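> Before we start, here is the structure in question, set down as structure tokens.
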Amino acid sequence: MKSLNVKKTLTWLISFFLAVLVWFVIVNNNEYTVNMEIPIKVYEPRENKTLKNKIPSKAVVRFKGKGRALMAAKIFKEPSLILDVANIQERYHVSLNEYYQKYPNRVDYPRGDMEFLEVVYPDTFTVLIDDKISRELPVKLNYSVEPAPGYLLSGKPVMEPGTVIATGPKSKLQPLTAIETRHLKPGNINRETTLEVELINPEPSFISLSQKTVKITFQVESIGERTFTKIPVQVQNAPENVTVRFIPSTVDLTIVGSNEYIQSLNSDSIQVIFDYAKKWIPSKIYYQPEVKTPERVLNWKDLQPPRVEVVIVRK
1044 MKSLNVKKTL TWLISFFLAV LVWFVIVNNN EYTVNMEIPI KVYEPRENKT LKNKIPSKAV
1104 VRFKGKGRAL MAAKIFKEPS LILDVANIQE RYHVSLNEYY QKYPNRVDYP RGDMEFLEVV
1164 YPDTFTVLID DKISRELPVK LNYSVEPAPG YLLSGKPVME PGTVIATGPK SKLQPLTAIE
1224 TRHLKPGNIN RETTLEVELI NPEPSFISLS QKTVKITFQV ESIGERTFTK IPVQVQNAPE
1284 NVTVRFIPST VDLTIVGSNE YIQSLNSDSI QVIFDYAKKW IPSKIYYQPE VKTPERVLNW
1344 KDLQPPRVEV VIVRK
């Protein structure tokens, strides 16, 4: 019984296979008219010219041919439309159907059992041509760094390279002043760190960049303190008929910043100032002087004494 069922199944499978084979042969030999969506490929042989507007990347094209040829075209060698822009100087309004009826050799498809009939869609579009140029542009880094507790960023990040070459239409490159990076936000940095960040192409359809990424190196230093003593108090904007004296004439204070940097400073790097024109009040004797430190110093503290006596002697 089992052997009989196997024999019936095998007979059915053979019959089905033969039916499919006959159908496939008939279908392949029949002639059909079909619409295919195929790519539009721009041919621009001039090295100093390029497109400056977007054009359709695909077109719907009608072909006629035998089933086997149409199937082979879809599976093995996709047809395409070649748009030759070599003779366009600035602007050209393209009627696709008229163009390819005039230049049928620019429809790339397997000849023989297949025939190009017409372009169904799109009907028309405009091609704009521009001078192709290259510009070296600086890279603008977008970042925010969070050093680890007890550390600070030492100087500006080092970027390698600092410039990139952008190539594309003149009208799109001329307005550019820099190529920006994606935002970089490294955190908890406690040592020199090098990271790679992606560049943002402002017009990826038209502009090519000499590279897609740049390397950024962040240098951090530990935070320290240093005390300076006997810094002289200076006067500013005092009238010529007045002599200003301070008691005491010097002060001590502590600055906070990069350990390496603050160790390179001396007392002349710090100014302790009394601005007569802004601060002097006849009835007031004691003042807190203004402290000016280099830009890279984080802050200062522990001014001793916190106030000084200002003595005015008129000449």
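Count along the sequence shown from 1, then add 1043; that gives the number in my numbering.
For each residue, glycine too, the CB sits at the ideal point set by N, CA and C.
Quick caveat, the model's predicted, so the values are computed rather than measured.
1. Spatial neighbours of S1310 within its chain, please: C-beta separation below 6 Å, excluding the five flanking residues on both sides.
2. What are the start and end residues of the beta strand (DSSP E) that includes I1298?
3. On the CB-based measure, 16 or more other CB atoms within 10 Å of its CB, does G1211 come out buried or exposed?
4. Using a Cβ-Cβ cut-off of 7 Å (strictly less than) and excluding sequence neighbours within five positions of P1200, which residues of its own chain qualify?
5. Could you check what DSSP says for L1113 in three-state terms: helix, strand or coil?
6. Per the DSSP calculation, L1195 is bridged to which residue(s)?
7. Mind checking which residues open and close the beta strand (DSSP E) that includes E1235?
8. To the nearest angstrom, report how far apart G1205 and Y1194 are at their CA atoms.
9. What first and last residue would you give for the alpha helix (DSSP H) that runs through E1141?
10. Under three-state DSSP, which class holds L1219?
11. Cα-Cα, which of Q1331, V1353, P1337 is closest to D1345?
12. Is Y1329 buried or exposed, if buried means 16 or more other CB atoms sit within 10 Å of its CB?
13. Expressed to the nearest angstrom, what Euclidean distance is found between the alpha-carbon atoms of E1239 and S1251?
14. Could you pull out every residue in the same chain whose Cβ sits closer than 6 Å to the Cβ of K1213, ignoring the five residues on either side in sequence?
15. By how many angstroms is the C-alpha of R1357 removed from the C-alpha of N1284?
16. Classify A1129: buried if its beta carbon has 16 or more other beta carbons within 10 angstroms, exposed otherwise.
17. Give me the Cα-Cα distance between Q1314 and E1333, rounded to the nearest whole angstrom.
18. For M1114 and S1100, I'd like the C-alpha separation in whole angstroms.
19. Can you have a look at I1324 and say buried or exposed, based on whether 16 or more other CB atoms are within 10 angstroms of its CB?
20. Who pairs with I1274 in a beta bridge, going by DSSP?
21. May I ask you to verify whether the region 1291-1302 touches the region 1216-1232, counting CB pairs closer than 8 Å and requiring at least 3?
22. Beta-carbon within less than 7 Å of S1265's beta-carbon, same chain only, minus the 5 sequence neighbours each way: which residues are those?
23. Using only the alpha-carbon positions, how far apart do F1119 and V1077 sit?
24. Go ahead and label T1336 buried or exposed: buried means 16 or more other beta carbons lie within 10 angstroms of its beta carbon, across all protein chains shown.
25. Under the assumption that L1124 contacts R1154 (Cβ atoms under 8 Å), give the Cβ distance between them as a whole number of angstroms.
26. Check for me: the alpha helix (DSSP H) holding Y1319 runs from which residue to which?
27. Do F1168 and V1188 have their C-beta atoms closer together than 8 Å?
28. Would you list the residues sitting across from L1252 in a DSSP beta bridge?
29. How would you label A1102, buried or exposed, when you count the other beta carbons within 10 angstroms and need 16 or more for buried?
With the given structure in hand:
1. F1271, I1274, listed in sequence order.
2. Element bounds for I1298: 1293-1301.
3. Buried is the call here.
4. Correct list, in chain order: L1184, Y1186, I1259, T1260, F1261.
5. Annotated three-state conformation of L1113 is helix, per DSSP.
6. Residue pairing by DSSP places L1195 opposite E1264 in a beta bridge.
7. Boundaries for E1235: no beta strand (DSSP E) harbours it, and the DSSP string shows neither H nor E there.
8. When rounded, the distance between both Cα atoms is 26 Å.
9. Annotation: the continuous alpha helix (DSSP H) that includes E1141 extends over 1139-1145.
10. The DSSP-derived three-state label of L1219 is coil.
11. Between D1345 and the set Q1331, V1353, P1337, the nearest pair of CA atoms involves Q1331.
12. By the 16-neighbour rule on beta-carbons within 10 angstroms, Y1329 is exposed.
13. The alpha-carbon atoms of E1239 and S1251 are separated by roughly 19 Å.
14. So the list reads D1173, D1174, I1176, once near-sequence residues are dropped.
15. Rounded to whole angstroms, the gap between the alpha carbons of N1284 and R1357 is 6 Å.
16. Its Cβ having fewer than 16 others within 10 Å, A1129 is exposed.
17. Approximately 8 Å between the Cα atoms of the pair.
18. A direct Cα-to-Cα measurement between M1114 and S1100 gives close to 22 Å.
19. Exposed, because fewer than 16 other Cβ atoms sit within 10 Å of the Cβ of I1324.
20. Bridge partners of I1274: V1294.
21. Touching, no.
22. Only G1193, Y1194, N1302 meet the Cβ criterion.
23. Going from the Cα of F1119 to the Cα of V1077 covers about 17 Å.
24. Buried: at least 16 other Cβ atoms inside 10 Å.
25. No, L1124 and R1154 are not in contact; Cβ-Cβ is about 15 Å, not under 8 Å.
26. It spans 1319-1322 - the alpha helix (DSSP H) in which Y1319 sits, taken as one unbroken run.
27. No, the Cβ-Cβ distance between F1168 and V1188 is not below 8 Å.
28. Residue pairing for L1252: DSSP places it in a beta bridge opposite A1209.
29. With 16 or more other Cβ atoms within 10 Å, it is buried.
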